[in-house]
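Q: Residue numbers (the UniProt record's numbering): 1 to 755.
Backbone N, C-alpha and C define an ideal beta-carbon position, used for all residues, glycine too.
Please read these numbers as outputs of a predicted model, since none were measured by experiment.
1) When the distance is taken between beta carbons, is residue 468 closer than 8 Å to residue 511?
2) So, with DSSP's three-state summary, where would you put residue 504?
3) Is residue 242 helix, strand or coil by DSSP?
4) Is the stretch 598-613 touching the stretch 636-656 in the sense that three or more CB pairs, one from each, lie closer than 8 Å?
5) For residue 105, does the three-state DSSP call read helix, strand or coil?
6) Can you find the residues in the same chain that come closer than 6 Å, C-beta to C-beta, to residue 325, ignoring five residues on each side of it along the sequence?
7) What are the boundary residues of the alpha helix (DSSP H) that residue 215 is part of?
8) Does DSSP classify residue 515 as helix, strand or coil?
9) Check residue 643 in the structure and name its three-state DSSP category.
10) Hey, residue 376 and residue 304: beta-carbon distance below 8 Å or not?
11) Please confirm if the stretch 266-277 is in contact with the stretch 286-305, defined as three or more CB-CB distances below 8 Å between the two stretches.
12) On the three-state DSSP scale, how would you describe residue 130?
13) Between the C-alpha atoms of residue 379 and residue 272, what's the straight-line distance to the nearest angstrom?
14) If you reduce the DSSP assignment to three classes, tell me which class residue 202 lands in.
15) Apply the 10 Å Cβ neighbour rule to residue 630 and answer buried if 16 or more other Cβ atoms are within range, or exposed otherwise.
16) What's the gap between the Cα of residue 200 and the Cα of residue 291?
17) Out of 311, 256, 677 and 171, state which residue places its alpha-carbon closest to the alpha-carbon of residue 274.
18) On a CA-only basis, which of 443, 573, 332 and 239 is nearest residue 183? Give me that one, please.
19) Assuming the contact rule is C-beta atoms closer than 8 Å, residue 340 and residue 285 should be a hit. Round their C-beta distance to whole Å, please.
20) Can you tell me whether residue 690 is helix, strand or coil according to DSSP?
21) Just the Cα atoms here: how many angstroms apart are residue 128 and residue 720?
22) Where residue 356 and residue 190 are concerned, what is the direct C-alpha to C-alpha distance, given to the nearest angstrom?
23) Under the rule that 16 or more other beta-carbon atoms within 10 Å means buried, what is residue 448, buried or exposed?
24) DSSP state of residue 301, grouped into three classes?
25) Start and end of the alpha helix (DSSP H) containing residue 610?
26) Excluding the 5 residues flanking residue 507 on each side, which residues of the same chain have their C-beta closer than 8 Å to its C-beta?
27) Roughly how many angstroms lie between the CA atoms of residue 651 and residue 626, to the nearest whole one?
28) Given this structure, state the Cα-to-Cα distance separating residue 321 from residue 561, to the nearest angstrom.
29) By the DSSP assignment, the alpha helix (DSSP H) with residue 458 in it spans what residues?
30) Cβ of residue 229 within 8 Å of Cβ of residue 555?
31) Name the residue from 478, 489 and 487 whose alpha carbon lies nearest to the alpha carbon of residue 505.
32) Alpha carbon to alpha carbon, how far is residue 666 from residue 660? Give it in angstroms, no decimals.
33) Can you check DSSP and say which residues form a bridge with residue 650?
34) If you follow the alpha helix (DSSP H) that residue 409 is in, where does it begin and where does it stop?
35) May I have the straight-line CA-CA distance separating residue 712 from residue 327, to the nearest angstrom?
36) Which residues in the same chain as residue 579 place their Cβ atom closer than 6 Å to its Cβ, once the five residues preceding and following it in sequence are excluded?
In C-alpha cells form, the structure reads like this:
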C-alpha cells in the first residue's frame with residue numbers, strides 16, 4: 001500500500017481516503033478537529049492523526065466516543081476477531097509511545113535508542129508513508145509496564161504533612177517500638193527533604209529491621225484471606241478497598257523503601273532482598289518481585305533457594321487475591337482458550353496465567369533451571385511451586401511424573417486402588433528439605449482441584465497424609481470443600497453429584513478429622529442445599545451457623561471499644577495502630593457475614609415459596625418458621641410473605657419507627673467511625689476499611705489503563721477501515737486485479753439483493 005500513498009500527496013491522500021469511505025459524497029462533519037468542532041467551525045488543515053501519534057489519547061479521554069478522522073459515531077467497538085495479535089502489539093507500542101502521564105508502576109526502562117527517539121508529536125510536514133511505517137513497526141520485546149528502581153520524582157507521592165515528622169529523632173524510637181506507620185513516615189520525610197546523608201547513615205542492622213517491620217504482616221495476610229470471599233461489587237457496596245488496591249499501595253511502599261536506600265548509595269543485604277521478595281509474593285505482585293529481582297542481580301548478590309522460591313511464587317500466585325482470579329485459573333476450555341491467546345483482550349483477567357509459549361509453566365521452569373545453575377538446592381517449596389505452575393496449564397502428566405520421581409508417589413496406581421504395601425513412598429528424615437509437609441497437601445488439593453479431578457485430590461491428599469503422618473490442615477479442607485462445591489454445579493467440567501458436597505461435609509466434620517467449619521464453609525453448604533431443594537436441611541444449617549456470626553459480631557464490638565479506650569487514653573502509636581488493625585479486620589468479618597446471612601434469608605424465602613407440594617409434615621415444620629425469621633430479623637426484609645398449606649403468611653419485621661431508629665443508630669456509628677479514623681490516622685491504608693475512596697495514584701493508573709484500551713480499540717478501527725477501503729478505492733480507479741474485482745462485485749450484488 002506504500003506505493004499508493006507515495007503517489008498521492010498529503011492532502012490528496014486525505015481526500016482519497018475520504019472518497020473511499022463516503023463513495024464520493026462529502027459531509028460537513030469530516031476533517032474537523034476537536035477545537036474547531038467545539039467552536040462549530042468548518043474543516044481543519046490538521047494533519048492526519050494516527051493512534052499513538054499525539055491526539056488519540058486526548059480523544060480517548062473524552063466521554064463521547066468518536067470514529068477516526070473526526071467522524072461522529074455512537075459506537076466504536078470492534079469485535080475481538082478484528083484485532084489480530086500482531087496488530088495489537090503494534091497498537092500497544094504506538095499508544096505507549098504517546099504522551100501519557102505515567103503512574104508509579106508505569107515508569108519503565110527503554111530497551112533501545114529507537115524507543116527513546118519515539119516522537120510524541122506528529123509534525124505537520126510528515127509524509128503518509130512515514131506514518132504508515134510507524135504503524136507497521138514491530139513491538140519492543142521489553143515489557144512496557146516493567147517498573148524500575150530509579151525514580152526521579154520520589155517525593156511526588158509523599159504524604160503532604162510528612163515534613164512535620166522529626167525523622168532524625170523519631171526513626172530510632174519507631175524502630176524500637178515496632179511502629180510500622182511511623183517508620184514509613186520517617187523514611188518518606190527524609191526522602192522528601194532529600195536528606196540522603198541521614199538515610200545512608202542508617203546502620204545495616206537497623207535498616208534490615210526496618211524492612212522486616214515494613215513487610216506485610218498478619219494484618220494484610222488476614223485481609224487477603226477475607227478478600228478471597230469478597231467480590232468487587234461487594235467491596236464497593238461495603239465501601240472498602242479491593243485487595244488489588246491494597247496490594248498496589250503496599251507494593252508501592254515496599255519499592256519506595258528499596259529505592260530510598262539505593263538512592264542514598266547503600267546496597268541492601270541478602271536478608272533485605274529475601275524479605276522484600278517475600279513481601280511481593282504475599283501481595284501477589286509479580287511486577288514488584290521482578291523489580292526487586294533485577295535490583296538484586298544488579299547489586300551482584302547471590303540469590304538463595306529462598307529468594308528463588310519467593311520469586312517463582314510471585315509468578316504462580318500473581319494477583320491471586322483479586323476477585324474472580326481463582327475462577328479463571330481453572331483448566332476449562334473457555335479459560336484455556338483465553339489464556340493461550342497471543343495477546344488476551346482482557347489482560348487483567350487472563351494475562352496473569354498464560355498458557356503455552358511464554359506461559360506460567362515455561363517461565364517457572366526457566367527460573368528453576370537458573371536456580372540449579374546458580375548452585376541453589378531445590379527444597380519441598382520449590383517443587384510445590386513447580387507442581388502449581390504445571391497444574392495451571394493442565395499438565396497433570398508432568399505433575400504425576402514429578403510426584404513419582406521425587407517422592408515415589410504413584411498417583412495412577414493410587415487411583416486404581418492397588419495394595420498400598422506396593423505403593424510405599426520414599427521416606428525422608430525429618431530434617432530433610434524434601435520431606436513432605438502440610439503445604440504439599442494444600443498444593444495437591446489445588447493442583448487437582450483446578451483440573452476438575454476431585455477424586456484424585458482427595459485420595460492423593462489422604463495417601464500422603466497417612467504415609468508421612470501429616471495433619472490435614474484447615475486450609476487444605478477448605479480447598480477440598482471449595483472445589484467440591486464448584487464441581488457439584490450443573491453443566492461444568494468434572495461434574496459431581498450435588499450430594500458430594502454433603503458427603504464431604506460429613507467426612508470432615510466427623511471423626512477422625514472433626515474439623516470445625518468456618519462461616520465460608522457454611523455459606524457454600526447452604527447454597528448447595530438450596531440448589532438441591534433441601535429447604536429444611538438448609539434451615540438447620542442456618543441455625544447452626546448463627547452462633548459463629550454472633551461471635552464475630554461480639555468480637556467486632558469488643559475491638560471497637562478497645563480502640564476507643566486506647567485512643568482516649570492517648571496510648572503509644574504502636575498500640576493504637578495495632579488496635580485499629582484488629583478493629584478493622586473484625587469489622588470486615590462482621591460486614592461480610594451480614595452480607596451472606598441476608599442472602600441466606602432471601603434464598604430461604606424463595607425456596608419455601610417454590611415448594612411443589614406442602615405435605616402435612618412440611619406444614620408442621622413451617623410452624624417454627626416465624627420464630628426463626630424473628631430471630632433473624634436483623635437480616636430479613638422489612639416485610640415478607642410465604643405460603644403454607646392453608647394460606648399465605650405475611651409478616652412485618654420492622655415498623656417505620658424501627659427503621660428510623662436504625663437509621664439514627666447507623667448515623668451515630670458512622671460518626672464514631674469517622675472520629676476514630678481521625679484520631680488514629682495513619683499514612684498507609686488509612687481508608688482501606690473505612691469510607692474508602694481510591695487514592696489519586698490508583699485513579700491515575702486506572703485512567704491511564706482506560707485511555708490505553710480505548711486508544712487500542714480506536715487504532716484497530718482505523719486499521720480495519722484502511723484495509724477495507726483500499727480495495728474499494730482500487731476498484732473505483734480500475735487498479736484492482738480482475739479476480740478481486742469479481743469478488744468485490746459479487747459481494748456488492750449479494751448486499752444489494754439482501755437489501
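A: Quick answer:
1) Counting from 1 along the chain shown, the entry for residue 511 is found at position 511. Counting from 1 along the chain shown, the entry for residue 468 is found at position 468. No. Outside cutoff.
2) If you number the chain shown from 1, residue 504 lands on position 504. Residue 504 falls in the helix class under three-state DSSP.
3) The residue given as residue 242 occupies position 242 in the chain shown. Here residue 242 sits in coil by DSSP.
4) yes
5) Start at 1 with the first residue of the chain shown, and residue 105 comes out as number 105. Confidence at residue 105 is low in this model, with a pLDDT of 29, below 50, so the placement of that residue is unreliable and no value is reported for it.
6) The sequence position of residue 325 within the chain shown is 325, counting from 1. For residue 325, where only same-chain residues beyond five positions count, the Cβ hits under 6 Å are 319.
7) The count along the chain shown starts at 1 and reaches residue 215 at position 215. No alpha helix (DSSP H) holds residue 215; DSSP gives it neither H nor E.
8) Taking the first residue of the chain shown as 1, we reach residue 515 at position 515. Of the three classes helix, strand and coil, the one that applies to residue 515 here is coil, per DSSP.
9) On the chain shown, position 643 is the one that residue 643 refers to. Correct three-state label for residue 643: strand.
10) Translated into positions along the chain shown, residue 376 becomes position 376. Translated into positions along the chain shown, residue 304 becomes position 304. A contact, by the Cβ cut-off of 8 Å.
11) yes
12) For the purposes of this step, residue 130 is taken as residue 130 along the chain shown, with counting starting at 1. The predicted model places residue 130 with a pLDDT of 36, which falls under 50 and marks its position as unreliable; any figure quoted below should be read in that light. Looking at residue 130 - three-state DSSP - the assignment turns out to be helix.
13) The residue given as residue 379 occupies position 379 in the chain shown. The residue given as residue 272 occupies position 272 in the chain shown. Looking at the two C-alpha atoms, the distance is approximately 21 Å.
14) Locating residue 202 in the chain shown gives position 202, where the first residue counts as 1. The answer is coil: DSSP assigns residue 202 none of H, G, I, E or B.
15) Walking along the chain shown from the start, residue 630 turns up at place 630. Burial call: exposed.
16) The sequence position of residue 200 within the chain shown is 200, counting from 1. The sequence position of residue 291 within the chain shown is 291, counting from 1. Those two C-alpha atoms are separated by around 21 Å.
17) Here residue 274 refers to the residue found at position 274 when the chain shown is read from its first residue. Selected option, being the one with the closest Cα: 311.
18) For the purposes of this step, residue 183 is identified with residue 183 of the chain shown, where counting begins at 1. Out of 443, 573, 332 and 239, 573 has the C-alpha closest to the C-alpha of residue 183.
19) Here the question's residue 340 lines up with position 340 in the chain shown. Here the question's residue 285 lines up with position 285 in the chain shown. With 8 Å as the limit, residue 340 and residue 285 do not qualify as a contact, their Cβ atoms being about 24 Å apart.
20) Taking the first residue of the chain shown as 1, we reach residue 690 at position 690. If DSSP states are grouped into helix, strand and coil, residue 690 belongs with coil.
21) Translated into positions along the chain shown, residue 128 becomes position 128. Translated into positions along the chain shown, residue 720 becomes position 720. Confidence at residue 128 is low in this model, with a pLDDT of 32, below 50, so the placement of that residue is unreliable and no value is reported for it.
22) Sequence index remark: in the chain shown, residue 356 carries index 356 (1-based). Sequence index remark: in the chain shown, residue 190 carries index 190 (1-based). Looking at the two C-alpha atoms, the distance is approximately 46 Å.
23) Residue 448 sits at position 448 when you count from the first residue of the chain shown. Counting Cβ neighbours within 10 Å, residue 448 comes out buried, since at least 16 surround it.
24) Translated into the one-based positions of the chain shown, residue 301 becomes position 301. Here residue 301 sits in coil by DSSP.
25) One-based indexing of the chain shown puts residue 610 at position 610. Element bounds for residue 610: n/a, residue is neither H nor E.
26) Start at 1 with the first residue of the chain shown, and residue 507 comes out as number 507. Same-chain partners within the cutoff: 513.
27) Taking the first residue of the chain shown as position 1, residue 651 is located at position 651. Taking the first residue of the chain shown as position 1, residue 626 is located at position 626. Each residue's Cα considered, the two are about 8 Å apart.
28) What you label residue 321 is simply residue 321 of the chain shown in a count that begins at 1. What you label residue 561 is simply residue 561 of the chain shown in a count that begins at 1. About 30 Å.
29) By 1-based counting over the chain shown, the position of residue 458 is 458. Start and end: 454-467.
30) Residue numbering aside, residue 229 sits at position 229 when the chain shown is read from its first letter. Residue numbering aside, residue 555 sits at position 555 when the chain shown is read from its first letter. No, they are not a contact pair.
31) Position 505 of the chain shown, counted from the start, is the residue given in the question as residue 505. When each option's Cα is compared against that of residue 505, the closest is 478.
32) In the chain shown, residue 660 corresponds to position 660, counting from 1. In the chain shown, residue 666 corresponds to position 666, counting from 1. Whole-angstrom Cα-Cα distance: 10 Å.
33) To locate residue 650, count along the chain shown from 1; it is residue 650. Bridge partners of residue 650: 641.
34) By 1-based counting over the chain shown, the position of residue 409 is 409. Premise fails: residue 409 is in no alpha helix (DSSP H) and is neither H nor E.
35) In the chain shown, counting from the first residue as 1, residue 712 sits at position 712. In the chain shown, counting from the first residue as 1, residue 327 sits at position 327. Looking at the two C-alpha atoms, the distance is approximately 27 Å.
36) Here residue 579 is taken as the residue at index 579 of the chain shown, counted from 1. If we look at residue 579 and ignore the five residues flanking it on each side, its Cβ neighbours are 562, 563 and 566.
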